[in-house]
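Undergrad: Residue numbering for the sequence shown is 46 to 140, as defined by the working numbering. First, the structure itself, so that you have it in front of you.
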Amino acid sequence: MESGELIRFTYRVLDPSKADALNDKKAEPSLIAPQAGVRLEIPQLEKVGKLRQSAPPEAGKSYWMAFSNKGRIVKPGDHVNIVIGRFRADGLVVE
């Protein structure tokens, strides 16, 4: 996000059965930034709830979640890993 206080992870579903883990409400997503030595979580807002989509995944649709980056510790160009339940994506570059 432009302020740098949130990092948005967006993904497009190709195979809904493989994307189930990404939208599992019970799974707690983490953004791990080895360069910065931090693990970011999705904030829980009082009136909105978690800043993530958790509807059943549909092929061709895009989904998102936003990680709190308070203090702008993770910077553009950093390589990060996303972990959500049994799903893991390593080496993503922050834009």
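From the three backbone atoms N, C-alpha and C, an ideal C-beta is built for every residue, glycine too.
#1: I need the DSSP call for Asp135, collapsed to helix, strand or coil.
#2: Identify, in the order they occur along the chain, each residue of the same chain with its Cβ nearer than 8 angstroms to the Cβ of Met46, setting aside the five sequence neighbours on each side.
#3: Does DSSP put Lys70 in a helix, a strand or coil?
#4: Contact defined as beta carbons within less than 8 angstroms: I believe Gly130 pairs with Ala72. What is the distance between those atoms, to the nearest angstrom?
#5: Assign Pro121 to buried or exposed, taking buried as 16 or more other Cβ atoms, counted over all protein chains shown, within 10 Å of its Cβ.
#6: How long is the line joining the alpha carbons of Val139 and Glu91, rounded to whole angstroms?
#7: Counting only the same chain and skipping the five closest in sequence on each side, list residues whose C-beta sits under 7 angstroms from that of Asp135.
#8: Among residues of its own chain, excluding the 5 on either side of Ala104, which ones have a beta-carbon nearer than 8 angstroms to its beta-carbon?
#9: How many Å lie between Ala66 and Ile87 at the Cα?
TA: So, to answer that:
#1: strand
#2: Bear in mind that the predicted position of Met46 carries a pLDDT of just 48, short of 50, making it unreliable; the figure below should be weighed with that in mind. Excluding positions up to five away in sequence, the list reads Ile52, Arg53 and Ala111.
#3: coil
#4: 4 angstroms
#5: Exposed, because fewer than 16 other Cβ atoms sit within 10 Å of the Cβ of Pro121.
#6: One C-alpha to the other measures close to 27 angstroms.
#7: Asn126
#8: Val58, Leu59, Asp60 and Pro61
#9: 16 angstroms
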